[in-house]
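Protein chains in written order, with the numbering used here: chain A, 9 to 354; chain B, 9 to 354. Note that the Cβ used here is the ideal one computed from N, Cα and C, for glycine as well. Just so it is clear, the structure is predicted and the values come from calculations on it, not from any experiment. Comments concern the structure below.
There are 2 protein chains.
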Amino acid sequence: MSKKTTIYDIAAKLNITAATVSRALNGNSKISESTRKLVNETAKEMNYEQNKLALALKSGKSFNIGVIVPRIDSNFFASVIRGIEEELHPHGYHVIICQTHDQDTVEIENINSLLNAQVDGILMSISNSKLETDEHFQKLLKKGVPLIFFDRRKEISGVSSVTIDDFKGAYTATQHLIDQGCKRIAHLSNNREIQIFKNRYLGYKQAIIDNGLEFDEAIVIETMSKVLEGRKTTKQLLAMEKPPDAIFSSSDFTALGAIEEIKAHGLKIPEDISVVGFSNEPFTRFMELSITSVDQSPIEMGRITAQVFLEEAKNSKKIKSEKQVILSPELIIRDSSLKSTIVSEK
Amino acid sequence: MSKKTTIYDIAAKLNITAATVSRALNGNSKISESTRKLVNETAKEMNYEQNKLALALKSGKSFNIGVIVPRIDSNFFASVIRGIEEELHPHGYHVIICQTHDQDTVEIENINSLLNAQVDGILMSISNSKLETDEHFQKLLKKGVPLIFFDRRKEISGVSSVTIDDFKGAYTATQHLIDQGCKRIAHLSNNREIQIFKNRYLGYKQAIIDNGLEFDEAIVIETMSKVLEGRKTTKQLLAMEKPPDAIFSSSDFTALGAIEEIKAHGLKIPEDISVVGFSNEPFTRFMELSITSVDQSPIEMGRITAQVFLEEAKNSKKIKSEKQVILSPELIIRDSSLKSTIVSEK
DNA sequence: CTGTTAGCGCTTTCAC
DNA sequence: GTGAAAGCGCTAACAG
Chain A
9 MSKKTTIYDI AAKLNITAAT VSRALNGNSK ISESTRKLVN ETAKEMNYEQ NKLALALKSG
69 KSFNIGVIVP RIDSNFFASV IRGIEEELHP HGYHVIICQT HDQDTVEIEN INSLLNAQVD
129 GILMSISNSK LETDEHFQKL LKKGVPLIFF DRRKEISGVS SVTIDDFKGA YTATQHLIDQ
189 GCKRIAHLSN NREIQIFKNR YLGYKQAIID NGLEFDEAIV IETMSKVLEG RKTTKQLLAM
249 EKPPDAIFSS SDFTALGAIE EIKAHGLKIP EDISVVGFSN EPFTRFMELS ITSVDQSPIE
309 MGRITAQVFL EEAKNSKKIK SEKQVILSPE LIIRDSSLKS TIVSEK
Chain B
9 MSKKTTIYDI AAKLNITAAT VSRALNGNSK ISESTRKLVN ETAKEMNYEQ NKLALALKSG
69 KSFNIGVIVP RIDSNFFASV IRGIEEELHP HGYHVIICQT HDQDTVEIEN INSLLNAQVD
129 GILMSISNSK LETDEHFQKL LKKGVPLIFF DRRKEISGVS SVTIDDFKGA YTATQHLIDQ
189 GCKRIAHLSN NREIQIFKNR YLGYKQAIID NGLEFDEAIV IETMSKVLEG RKTTKQLLAM
249 EKPPDAIFSS SDFTALGAIE EIKAHGLKIP EDISVVGFSN EPFTRFMELS ITSVDQSPIE
309 MGRITAQVFL EEAKNSKKIK SEKQVILSPE LIIRDSSLKS TIVSEK
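Structure follows, in structure tokens:
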């Protein structure tokens with residue numbers, strides 16, 4: 009438990025002052041080469057290590073940034089965080105993780121606690137909640153702490169965001185199904201108060217309309233991103249008078265449930281019913297009947313979110329220009345929707 | 009960008025001293041009820057918020073703990089981190105994430121950088137490397153910073169660890185295959201310089217021997233935890249003069265590769281060849297032919313790791329009693345190894 | 001009960 | 001080129 013050595017210790021040993029040591033260590037220009045060398049050497053000798061906490065208190069920069077996500081054990085969020093960490097690490101930043109579990113009270117609490125910890129910025133995906141107030145976000149802005157949304161954003165003036173084009177992803181997926189000859193495409197939706205789900209719905213709808221197909225609200229069902237919910241909902245669809253010949257799901261998990269249910273009914277995929285999911289979760293690739301899905305390039309999203317932060321951090325004092333990066337999603341076509349015999353991407 | 013209010017601001021306003029404010033805010037016993045109330049009110053009015061950085065510098069406790077993992081976008085590590093975060097959060101700790109990508113140089117760098125950031129402890133899974141030196145770990149111990157290993161540990165006196173009983177997990181899995189009538193069980197192993205893989209190998213071997221089966225080193229193959237590697241290795245196995253009738257893999261990914269390869273050879277699972285994986289990755293459950301695997305209860309592992317840390321943090325000054333928690337793995341039997349007609353867990 | 005003082009470790013004017 | 005001194009925001013020992 010050896011006490012940590014400070015610049016005072018090494019100053020004392022060298023009969024100089026702490027200020028000089030500090031300067032020498034920081035490569036200040038006006039310091040003699042000899043003392044610089046001496047200081048550096050003894051610093052190494054005494055195993056000196058800078059206390060970032062003191063620096064942080066002094067400078068007001070902690071070099072910590074907070075990342076808030078609903079939960080971390082989802083491939084999507086974990087991958088985004090990976091991207092963030094990899095991008096920020098070379099710049100000396102540490103990444104603090106908080107989970108909200110989709111509870112807005114926890115979200116607010118997390119923001120406050122990160123603020124107390126003096127983080128230099130907050131990158132977050134908002135929780136799935138009905139909360140109307142912007143108060144906690146405004147507080148961040150007022151304090152001048154950069155706030156950046158990724159994926160699940162909220163429309164707030166002055167706040168940058170990095171998202172994918174969910175509309176386009178959904179449109180492309182639906183168009184693909186139509187190109188495969190599907191005529192009655194159902195949509196498994198989700199809480200449409202969240203932008204991403206709303207946009208997926210809108211993209212789907214637009215593709216239907218643009219292709220002159222009948223848009224039928226009856227086969228758009230709001231459900232939750234769970235395998236079992238997917239099964240239940242699909243059961244409803246199959247029991248209809250005019251069942252669909254394709255399902256576009258806003259989640260890979262409900263898509264999986266749909267597939268299970270369709271098979272249980274003795275129907276063939278993709279011949280009888282085609283299925284497309286969203287998110288490109290790892291398992292969609294591993295399935296024997298692999299699932300077509302929309303990739304969101306989460307690592308890339310994380311990296312870019314980090315870059316946007318770095319930029320804002322640099323221009324701290326200037327007018328904060330709100331920046332909205334919209335990534336392009338990629339449709340990964342696999343077995344569950346490919347009727348032709350051409351070999352699909354695996 | 010309103011300047012943050014400090015206790016001095018509120019002291020000034022009330023014509024009292026900062027110390028008093030501090031005491032009032034912290035519920036010090038010897039303070040008049042009236043001033044306490046007054047302070048608390050004006051604090052709220054002025055939107056006062058404690059600067060944890062100053063507290064940290066003063067007290068030497070940052071209430072940050074570092075978590076180092078090879079990578080975060082693996083379900084296992086993400087789940088462990090989830091457990092850690094959930095357990096530590098109520099105690100006021102923040103979790104800082106670092107990734108090593110299995111490079112020991114990065115591991116050392118991460119430890120140093122966390123140390124500079126004055127974390128109150130480090131929880132980690134060591135990287136897959138051949139590094140022999142303990143130097144960086146000893147440094148932590150010398151500084152009195154609690155260090156706790158989870159899953160991938162190293163034998164270091166004075167360092168606690170939370171792991172699962174890999175030997176038992178492997179033994180149980182192998183025994184299960186034997187119980188299903190398998191007589192020639194291959195093992196897809198991994199770098200056995202890492203304890204977990206070594207123990208899985210040893211558990212497998214022991215089960216073979218205890219059941220009077222022939223132990224054949226020729227069907228124990230060291231490979232990497234990738235689907236494609238699993239395919240390659242399985243191809244080798246199937247080409248042998250005496251191919252195995254079961255495969256116990258130390259990884260779910262190689263198990264998946266094995267399954268793909270076995271099917272490609274027109275063989276039936278589990279009738280011709282049974283397969284068991286390790287880790288209970290989410291996809292093993294989702295497969296149409298679901299994969300038997302050994303569950304490591306990662307969230308639980310994270311929670312317990314956090315608890316061990318909290319305990320050590322409490323007894324900081326006392327003799328640090330090294331603690332080794334060994335969790336019991338659970339075999340989840342699914343389609344890939346269940347020959348009987350009983351319905352398996354899905 | 002409350003004020004005074006000092007100090008956590010570092011950087012940064014301002015002198016010399 | 002280097003020293004002296006102040007200050008980041010907070011707490012705690014010592015007075016009174």
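**Request:** Closer than 8 Å by C-beta to residue 280(B): which residues in its own chain qualify, once you throw out the five before and the five after it? Chain order, please.
**Result:** As a first step, residue 280(B) is located in the second sequence; it is residue number 272 there, counting from the start. Exclusion of the five residues before and after residue 280(B) leaves 253 and 270 as the residues of its chain whose Cβ lies within less than 8 Å of its Cβ.
For residue 173(B) versus residue 301(B), is the C-beta distance shorter than 7 Å? Mapped onto the second sequence, residue 173(B) falls at position 165. Mapped onto the second sequence, residue 301(B) falls at position 293. No, Cβ-Cβ distance for residue 173(B) and residue 301(B) is not below 7 Å.
Segment contact, 8 Å Cβ cut-off, at least three pairs: the stretch 304-311 of chain B with the stretch 75-88 of chain B
In this structure the stretch 304-311 of chain B touches the stretch 75-88 of chain B; the number of beta carbon pairs closer than 8 Å is three or more.
Which residues in chain A sit within 8 Å of residue 90(B), going by Cβ to Cβ distance? Residue mapping note: residue 90(B) aligns to position 82 of the second sequence, counting from 1. Neighbours of residue 90(B) on chain A, chain order: 79, 80, 81 and 107.
| Can the beta-carbon of residue 256(A) be found closer than 7 Å to that of residue 284(A)? | Translated into positions along the first sequence, residue 256(A) becomes position 248. Translated into positions along the first sequence, residue 284(A) becomes position 276. If you check the CB distance, residue 256(A) and residue 284(A) come in under 7 Å.
Am I right that residue 126(A) and residue 60(B) are in contact with their C-beta atoms under 8 Å? What's the rounded C-beta distance? What you label residue 126(A) is simply residue 118 of the first sequence in a count that begins at 1. What you label residue 60(B) is simply residue 52 of the second sequence in a count that begins at 1. Your pair residue 126(A) and residue 60(B) checks out as a contact, with CB atoms roughly 7 Å apart and the cut at 8 Å.
Take residue 23(A) and list the residues in its own chain whose beta-carbon comes closer than 6 Å to its own, dropping the five residues that flank it on each side.
As a first step, residue 23(A) is located in the first sequence; it is residue number 15 there, counting from the start. In its own chain, leaving out the 5 sequence neighbours on each side, no residue places its CB closer than 6 Å to the CB of residue 23(A).
Self-check item: Through-space distance from residue 282(B) to residue 190(B), alpha-carbon basis
Solution: Looking up residue 190(B) in the second sequence gives position 182. Looking up residue 282(B) in the second sequence gives position 274. Going by C-alpha positions, residue 190(B) is about 8 Å away from residue 282(B).
Looking at residue 292(B): is its Cβ nearer than 7 Å to the Cβ of residue 131(B)?
Translated into the one-based positions of the second sequence, residue 292(B) becomes position 284. Translated into the one-based positions of the second sequence, residue 131(B) becomes position 123. With a cutoff of 7 Å on beta-carbon distance, residue 292(B) and residue 131(B) are scored as not near each other.
Cβ contact (3+ pairs, closer than 8 Å) linking the stretch 35-48 of chain A and the stretch 74-85 of chain A:
Inter-segment contact for the stretch 35-48 of chain A and the stretch 74-85 of chain A is absent: fewer than three beta-carbon pairs are separated by less than 8 Å.
**OP:** With 7 Å as the limit, tell me which residues of the stretch 103-128 of chain B have their beta carbon closer than that to any beta carbon of chain A; keep them in chain order.
**Re:** Cβ contacts with chain A: 103, 104, 105, 107, 123, 124, 125 and 126.
(message) For residue 251(A) and residue 226(A), I'd like the C-alpha separation in whole angstroms.
(response) For the purposes of this step, residue 251(A) is taken as the residue at position 243 of the first sequence. For the purposes of this step, residue 226(A) is taken as the residue at position 218 of the first sequence. So the alpha carbons of these two residues sit roughly 10 Å apart.
Exercise. Would you mind giving the Cβ-Cβ distance between residue 261(B) and residue 177(B), rounded to the nearest angstrom? I have them listed as a contact below 8 Å.
Key: Locating residue 261(B) in the second sequence gives position 253, counting from the first residue. Locating residue 177(B) in the second sequence gives position 169, counting from the first residue. Not really, about 17 Å apart at Cβ, beyond 8 Å.
- Message: Using a Cβ-Cβ cutoff of less than 6 Å, which residues in the same chain neighbour residue 242(A) once the five nearest sequence positions on both sides are dropped?
- Response: As a working mapping, residue 242(A) is identified with position 234 in the first sequence. Only 266 and 269 meet the Cβ criterion.
Worksheet item: Alpha carbon to alpha carbon, how far is residue 333(B) from residue 162(B)?
Response: Within the second sequence, numbered from 1, the residue matching residue 333(B) stands at position 325. Within the second sequence, numbered from 1, the residue matching residue 162(B) stands at position 154. One C-alpha to the other measures close to 14 Å.
*Taking the DSSP output, what are the residues bridged to residue 303(A)?*
Against the first sequence, residue 303(A) aligns to sequence position 295. According to DSSP, residue pairing for residue 303(A) in a beta bridge involves 287(A) and 338(A).
### Message
Taking the straight line between their C-alpha atoms, what separation do you get for residue 229(A) and residue 294(A)?
### Response
The residue given as residue 229(A) occupies position 221 in the first sequence. The residue given as residue 294(A) occupies position 286 in the first sequence. Looking at the two C-alpha atoms, the distance is approximately 27 Å.
Proximal residues of chain B, C-beta to C-beta of residue 296(A) below 7 Å:
Counting from 1 along the first sequence, the entry for residue 296(A) is found at position 288. Under the 7 Å cutoff, chain B gives 295, 296 and 297.
message = Any beta carbon of chain B sitting closer than 7 Å to that of residue 41(A)?
response = Here the question's residue 41(A) lines up with position 33 in the first sequence. For residue 41(A), no CB of chain B lies under 7 Å from its own CB, so it is not counted at the interface with that chain.
(message) Is the beta carbon of residue 339(B) closer than 7 Å to that of residue 141(B)?
(response) On the second sequence, position 133 is the one that residue 141(B) refers to. On the second sequence, position 331 is the one that residue 339(B) refers to. It is not a contact, given that the beta carbons lie outside the stated cut-off.
Worksheet entry | For residue 257(A), three-class secondary structure by DSSP | Indexing the first sequence from 1 puts residue 257(A) at position 249. In the displayed model, residue 257(A) falls within a strand according to three-state DSSP.
- Neighbouring residues, chain A, relative to residue 332(B) (Cβ below 8 Å): As a working note, residue 332(B) is residue 324 in the second sequence. Listed by position along chain A, the residues whose Cβ is nearer than 8 Å to that of residue 332(B) form an empty set, because the closest Cβ is around 22 Å away.
Exercise for review: Return the Cβ separation of residue 158(B) and residue 207(B) in integer angstroms, given the expectation that the two are a contact with Cβ distance under 8 Å.
Suggested key: As a working mapping, residue 158(B) is identified with position 150 in the second sequence. As a working mapping, residue 207(B) is identified with position 199 in the second sequence. Going by Cβ atoms, the distance from residue 158(B) to residue 207(B) rounds to 15 Å, so no, they are not a contact pair.
Does the beta-carbon of residue 109(B) have 16 or more other beta-carbons within 10 angstroms, so that it is buried, or is it exposed? Taking the first residue of the second sequence as 1, we reach residue 109(B) at position 101. Exposed: under 16 other Cβ atoms inside 10 Å.
Item checked: Cα-Cα separation, residue 209(B) to residue 99(A) -> As a first step, residue 209(B) is located in the second sequence; it is residue number 201 there, counting from the start. As a first step, residue 99(A) is located in the first sequence; it is residue number 91 there, counting from the start. Spanning the two alpha carbons is a distance of roughly 41 Å.
- Task: Check residue 29(B) in the structure and name its three-state DSSP category.
- Result: The residue given as residue 29(B) occupies position 21 in the second sequence. In this structure, residue 29(B) counts as helix in the three-state DSSP scheme.
Inset, instruction - Return the CA-CA distance between residue 197(B) and residue 135(B), expressed in angstroms with no decimal places. - result: Position 189 of the second sequence, counted from the start, is the residue given in the question as residue 197(B). Position 127 of the second sequence, counted from the start, is the residue given in the question as residue 135(B). Roughly 17 Å separates the two Cα atoms.
Interface flag, residue 291(B) vs chain A, CB-CB below 7 Å: Position 283 of the second sequence, counted from the first residue, corresponds to residue 291(B). It does: the Cβ of residue 291(B) has a partner Cβ on chain A nearer than 7 Å.
**OP:** Taking a Cβ distance cut-off of 7 Å, strictly less, list which residues of the stretch 54-68 of chain B are near chain A, in chain order.
**Re:** Residues 57, 58, 59, 60, 61, 62, 64 and 65.
| task | On the DSSP bridge assignment, give the partners of residue 76(B) in chain order. | result | Counting from one through the second sequence, the residue named residue 76(B) turns up at place 68. As DSSP reads the structure, residue 76(B) sits in a beta bridge with 106(B) and 132(B).
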